[in-house]
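Asker: In full-length UniProt numbering, the protein residues as written are 1 to 1157.
All residues carry an ideal CB built from backbone N, CA and C; glycine is no exception.
#1: For the putative contact between residue 669 and residue 680, defined by C-beta atoms under 8 angstroms, what is the C-beta separation to the nearest angstrom?
#2: If you draw a straight line from the alpha carbon of residue 1140 to that of residue 1134, how long is it in whole angstroms?
#3: Using only alpha-carbon positions, find the residue among 411, 1096, 941, 730 that is nearest to residue 426.
#4: Write down the C-beta distance between residue 308 and residue 550 rounded to the nearest angstrom, noting that I regard them as a contact closer than 8 angstroms.
#5: Please report the residue range of the beta strand (DSSP E) in which residue 235 lies.
#6: Taking the alpha-carbon of residue 705 as reference, which of 677, 728, 690 has the nearest alpha-carbon?
#7: Along the chain, where does the alpha helix (DSSP H) containing residue 563 start, and where does it finish?
#8: For residue 236 and residue 244, what's the separation of their Cα atoms in angstroms?
#9: Could you tell me how far apart the beta carbons of residue 93 and residue 83 are, in whole angstroms, since I believe they sit closer than 8 angstroms?
#10: Classify residue 27: buried if its beta carbon has 16 or more other beta carbons within 10 angstroms, exposed otherwise.
#11: Closest by CA to residue 546, which one among 556, 555, 533?
#12: Going by C-alpha to C-alpha distance, which of 1057, 816, 1127 sits closest to residue 980?
#13: Identify whether residue 156 lies in helix, strand or coil by the three-state DSSP scheme.
#14: Quick one: Cα of residue 757 to Cα of residue 781, how far?
#15: Considering residue 855, what are the terminal residues of the alpha helix (DSSP H) in which it resides?
#16: Using the Cβ count rule (16 or more neighbours within 10 Å means buried), how would you classify residue 53?
#17: To the nearest angstrom, how far is the alpha carbon of residue 405 from that of residue 414?
#18: Are the CB atoms of residue 418 and residue 319 nearer to each other than 8 angstroms?
#19: Where does residue 975 fall in DSSP's three states?
#20: Within a Cβ cutoff of 7 angstroms, which residues of the same chain sit near residue 452, ignoring the five residues on either side of it in sequence?
#21: In the DSSP assignment, what are the bridge partners of residue 334?
#22: Tell me the DSSP bridge mates of residue 260?
#23: Measure the alpha-carbon distance for residue 391 versus residue 535 and round it to whole angstroms.
#24: Cutting at 7 angstroms between CB atoms, please list the residues of its own chain near residue 517, excluding the five before and the five after it.
#25: So, helix, strand or coil for residue 482, using DSSP?
#26: Are the C-beta atoms of residue 1049 and some chain B residue less than 8 angstroms apart?
#27: What's the gap between the Cα of residue 573 and the Cα of residue 441?
#28: Hey, out of 488, 601, 1034, whose CA is closest to residue 507's CA?
#29: Can you grab the Cα-Cα spacing for the pair residue 454 / residue 606, in whole Å?
#30: Assuming residue 800 contacts residue 825 (C-beta within less than 8 angstroms), just tell me the rounded distance between them.
#31: Who are the near neighbours of residue 1025 in its chain, counting only those whose CB is closer than 7 angstroms to its CB and skipping five residues on each side?
#32: Have a look at residue 1158 and residue 791 and give me their C-alpha separation to the nearest angstrom.
#33: Between which residues of its own chain and residue 138 is the CB-CB distance below 7 angstroms, once the five residues before and five after are set aside?
#34: Between which two residues does the beta strand (DSSP E) carrying residue 77 extend?
#35: Count the CB pairs spanning the stretch 260–276 and the stretch 296–303 that are closer than 8 angstroms, and state whether there are at least three.
#36: Where does residue 917 land, buried or exposed, given buried means 16+ other C-beta within 10 angstroms?
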């Protein structure tokens, strides 16, 4: 709840300008003006007062005088004339009132000063448009556009219901007629406009009673009130909304009656502090604030009320005693569009007072917030639950309280009354005690409002305040704008701002670095309701907000909350940390994620604190392997960690969350596994398995603690499906426990009890096999199956193949088991299906199944093992050669030419086949060695040399073709870029996506408009046709687009990136070509030397040419591709965004010397 705090105060003495007669106007900075003792107040105080003498024809019977800011003139209404005085020209212009048979009694301008309402003594209402003289052809300043009357009948309002009119609903509060009429003096009608200028209300006297009547701007009556005996003349229409406030009395006390625009009573409240006759009431232009002026004997009172929670609170009472030499003339709001402040002016015959108030809250250090309501101050302790409008404490004084001050060192409050007295109370032991103000001589007081703070940081005093322009100022520097409220809590600065079209709460650690480097977008923030303000931050780090409707809302800032948790844990205050997380509803993983090693070292402290807080089960249920500082609280991590006094864990072993969970589990088991069974169950369910959980419960079941066992099973059932629990129970091989698990399931006992009895009749091996199978643990079932004497080999084979448990069977069976060979063959077949033939051969060989191993090694082309096993099996020579020849052919087919030639030469004794294979593989050096080894010169002359000559020619042709293509594509790419550049600089420029292009080129040139045809075609298609063919067309277009990207046809859409792609591939062919040339160089026969030298020299030339061309193709402009309007850059970048990532960077060619050239 806001209070009103005086922000600035100005006073101007008018004593020397008192009028001597009624023929002078005193203009104070053209904003204040008055004639003798009749005055009108308007916006600001200026420095100069000018006296203007009025012409005699105006007369001295002045009805109204006011300043018209829209036209910068003074308006004067007498009983028979309408007069204006232009400030700039210093000229009076008078217009006679047309209704000369009746005198003017009231005038009122609409809010934008375009319409003047004039009411005469006969009740006639005239509407005038006002324009300066030069804008009217007939030289009329005031042109009458409509006329009405106070006596015009308003149409009957339509109410809800079907009964008689006097029984229908007429608003939230019925008008109450006084039992006796209270005589009130008649007065001139009072007119008040609504802020938008569409409606105005008239409070007028008729038949010894007052009435309200609402008109539109064309003076058409809309609504009329019923007679109100005790209504005063003071009336005000709320600028925003439909409320009309009027002064009234019940004969003893004054009150304010609030009408709706249909003139039905909305509500009323007594203004006991407004003594005497209420002279005037005024709504503020933008705030729900009401000012009431009353006069009682020798004193004038101005009371300011603030509306919240359906209650009008008295926030200020200004007292002005009457003196012979000074009269209280008038008060008025200065309607500035500030949401947190407003100005209020009071004019006496000698002085102008201007008060600037701020809507503020007394945010005191001990969570105790004071709310002023006249002579009563309500205190709310926000550390407790206290819904508005209730309060924790209240103090009532003789006179209204205007201001509160706080002395934090002694916890004393100072209450400033409206009559100037100050009364002190000390808050101690949750009670208020009277305090001697003389003891505060050396104490420093502070208002501690939302608008002003002082903070010492690193020895420097920082002054933080919110100015009236809603700007946050820190040490004279504007930190942020559009601020609704600001609050300082410990070492954190919080403020609410309208940012990015939403209302946000910002929070920052108050450090010199953060202040100097402040940026709104990098500051921790969260959304809040529009118009919310900060009241206080409690000791539990709860941020209390007051909403525009007056209700409170409690929120938190994760930045403050997590910092607090870190500080508490660093001081080993685990109880406080657990309590704080519970209160703030934070994620419990914070305890671990803030420092995993610290938590692991204090598992016992955590468990003890969680047990005392009664949250152990909740905590372990929320623990997750994810780091909440990365997932949930990433914003906190972005703003940096805080320095704490915790132990640094730099040189410690690596730790995972699984290790931490294991530590918690072990500690719970050590303490009391039965007492903490539920927590153990939750932890195991979340981070281990249902089987592990049931195994723990089974141990408790074995101790005959049925209560704990059933409670634990109930907890498991809450987290897992019953089918999953039953499957896991089967794998524990305990039939009694299985029966108990079944008993908590919805399954019929007539079904599961016979099954259990059937299991009891089995032997141990078959029992475990059957229960493992029911539990869907096929690996365990296989381990028992291979040991079963009641199951046949065919059943075992089918079972293992069906469930794919060959690995489990092989690694569980012992070599001397009767089914070892069977399991080995099954596992070898399984490895063979996975193409792991060498591994299959190895296990077969170990099992002594050499023939089967030979087959696997041969399929795996392991020729060494094949040769070894052939020797061990003592196979016939012919069969052995056939096997090796087949193996050599298989090796050659898989391009293992070295191994194939070796098998032919050494194990098949066929060096001719080896030489022929090497020639076909272009391995001439090796072929020459084999031929020379066996003196096969005829093979060198007839087979090797002819193939060598043909190969060198093919090699040279390939090299020259690469050189030719690379040069051709490079030249075409550079030419294409040049053409694009010339096209761009010669065209009529239009801007597209930040670049300048020619409009016609964008439609016709494929090299610039890469999607021209696609877009034009798709834009002609209807929505239904696009939807029906979207899938087919999209896949077809993707394939078409990919083909376009590699199309080298001149003029194609993506020719530039197709050329770059091809140049990349050609450059990457150089290393393999180099290796072929190098291998060829070692096969020097006859004239090969000279040709080889030429081949090497030409290749070096091509290599250096390609290396020099790469920087021109992949230039810096192309590599960085920064946005630019330069045509030269655009021509180079081209369709770069459509390229594959591989081709965006240039090919990396090693130095020629690195290729062992």
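Answerer: Quick look at the numbers:
#1: Counting from 1 along the chain shown, the entry for residue 669 is found at position 669. Counting from 1 along the chain shown, the entry for residue 680 is found at position 680. With 8 angstroms as the limit, residue 669 and residue 680 qualify as a contact, their Cβ atoms being about 7 angstroms apart.
#2: Walking along the chain shown from the start, residue 1140 turns up at place 1140. Walking along the chain shown from the start, residue 1134 turns up at place 1134. In a straight line, the C-alpha of residue 1140 is about 14 angstroms away from that of residue 1134.
#3: In the chain shown, the residue the question calls residue 426 occupies position 426. The closest CA to that of residue 426, considering only 411, 1096, 941, 730, is found on 411.
#4: Position 308 of the chain shown, counted from the first residue, corresponds to residue 308. Position 550 of the chain shown, counted from the first residue, corresponds to residue 550. Cβ atoms of residue 308 and residue 550 come within 8 angstroms of each other, at about 4 angstroms.
#5: As a first step, residue 235 is located in the chain shown; it is residue number 235 there, counting from the start. From DSSP, the beta strand (DSSP E) with residue 235 extends over 231–237.
#6: In the chain shown, the residue the question calls residue 705 occupies position 705. Nearest Cα to residue 705 within the set 677, 728, 690: 677.
#7: By 1-based counting over the chain shown, the position of residue 563 is 563. Unbroken alpha helix (DSSP H) run through residue 563: 558–570.
#8: Within the chain shown, numbered from 1, the residue matching residue 236 stands at position 236. Within the chain shown, numbered from 1, the residue matching residue 244 stands at position 244. Distance between the alpha carbons of residue 236 and residue 244: 6 angstroms.
#9: Here residue 93 corresponds to residue number 93 of the chain shown, with the count starting at 1. Here residue 83 corresponds to residue number 83 of the chain shown, with the count starting at 1. So it is a contact: roughly 7 angstroms between Cβ atoms.
#10: Within the chain shown, numbered from 1, the residue matching residue 27 stands at position 27. Unreliable placement is indicated for residue 27, whose pLDDT of 47 sits below 50; no coordinate value is reported for it.
#11: In the chain shown, the residue the question calls residue 546 occupies position 546. Restricting attention to 556, 555, 533, the CA atom closest to the CA of residue 546 is found in 533.
#12: The residue given as residue 980 occupies position 980 in the chain shown. A check of alpha carbon separations from residue 980 across 1057, 816, 1127 identifies 1127 as the nearest.
#13: As a position in the chain shown, residue 156 is number 156, starting the count at 1. Three-state result, residue 156: coil.
#14: As a position in the chain shown, residue 757 is number 757, starting the count at 1. As a position in the chain shown, residue 781 is number 781, starting the count at 1. Roughly 20 angstroms separates the two Cα atoms.
#15: Position 855 of the chain shown holds residue 855. Its alpha helix (DSSP H) spans residues 850–859.
#16: Within the chain shown, the letter at position 53 stands for residue 53. When all chains shown are included, residue 53 counts as exposed.
#17: Residue 405 sits at position 405 when you count from the first residue of the chain shown. Residue 414 sits at position 414 when you count from the first residue of the chain shown. Roughly 5 angstroms separates the two Cα atoms.
#18: Residue numbering aside, residue 418 sits at position 418 when the chain shown is read from its first letter. Residue numbering aside, residue 319 sits at position 319 when the chain shown is read from its first letter. Here residue 418 is near residue 319, since their CB atoms are less than 8 angstroms apart.
#19: Position 975 of the chain shown, counting from 1, holds the residue named residue 975. DSSP places residue 975 in helix when its eight states are reduced to three.
#20: Translated into the one-based positions of the chain shown, residue 452 becomes position 452. Within the same chain, 465 come within 7 angstroms of residue 452 by CB-CB distance, once the 5 residues on both sides are set aside.
#21: Reading the chain shown from its first residue, position 334 is the one you call residue 334. According to DSSP, residue 334 bridges with 343.
#22: Your numbering for residue 260 matches position 260 in the chain shown. Note: residue 260 sits in a beta bridge opposite 243.
#23: As a position in the chain shown, residue 391 is number 391, starting the count at 1. As a position in the chain shown, residue 535 is number 535, starting the count at 1. Going by the C-alpha atoms only, they are around 15 angstroms apart.
#24: For the purposes of this step, residue 517 is taken as residue 517 along the chain shown, with counting starting at 1. Only residues of its own chain outside the window of five on either side were considered, and among them none has a CB closer than 7 angstroms to the CB of residue 517.
#25: Residue numbering aside, residue 482 sits at position 482 when the chain shown is read from its first letter. Coil, per DSSP.
#26: You won't find chain B in this structure, because it holds only one protein chain.
#27: As a position in the chain shown, residue 573 is number 573, starting the count at 1. As a position in the chain shown, residue 441 is number 441, starting the count at 1. Distance between the alpha carbons of residue 573 and residue 441: 40 angstroms.
#28: On the chain shown, position 507 is the one that residue 507 refers to. Closest by alpha carbon: 488.
#29: The sequence position of residue 454 within the chain shown is 454, counting from 1. The sequence position of residue 606 within the chain shown is 606, counting from 1. Spanning the two alpha carbons is a distance of roughly 38 angstroms.
#30: Residue numbering aside, residue 800 sits at position 800 when the chain shown is read from its first letter. Residue numbering aside, residue 825 sits at position 825 when the chain shown is read from its first letter. Rounded, the Cβ-Cβ distance is 11 angstroms, inconsistent with contact.
#31: Here residue 1025 refers to the residue found at position 1025 when the chain shown is read from its first residue. At residue 1025, the pLDDT of 46 sits below 50, so the modelled position is not reliable; the number obtained from the coordinates is stated separately. Closer than 7 angstroms at Cβ, skipping near neighbours: no residue.
#32: Since the first and last residues shown for the chain are 1 and 1157, residue 1158 lies out of range.
#33: Mapped onto the chain shown, residue 138 falls at position 138. Its pLDDT being 48, under 50, residue 138 is placed unreliably by the model, and nothing is read from it.
#34: By one-based count along the chain shown, residue 77 stands at place 77. Residue 77 -> beta strand (DSSP E) spans 73–78.
#35: Counting C-beta pairs with one atom in each stretch, the stretch 260–276 and the stretch 296–303 have three or more that are closer than 8 angstroms, which means they touch.
#36: As a working mapping, residue 917 is identified with position 917 in the chain shown. Flag for residue 917 reads buried.
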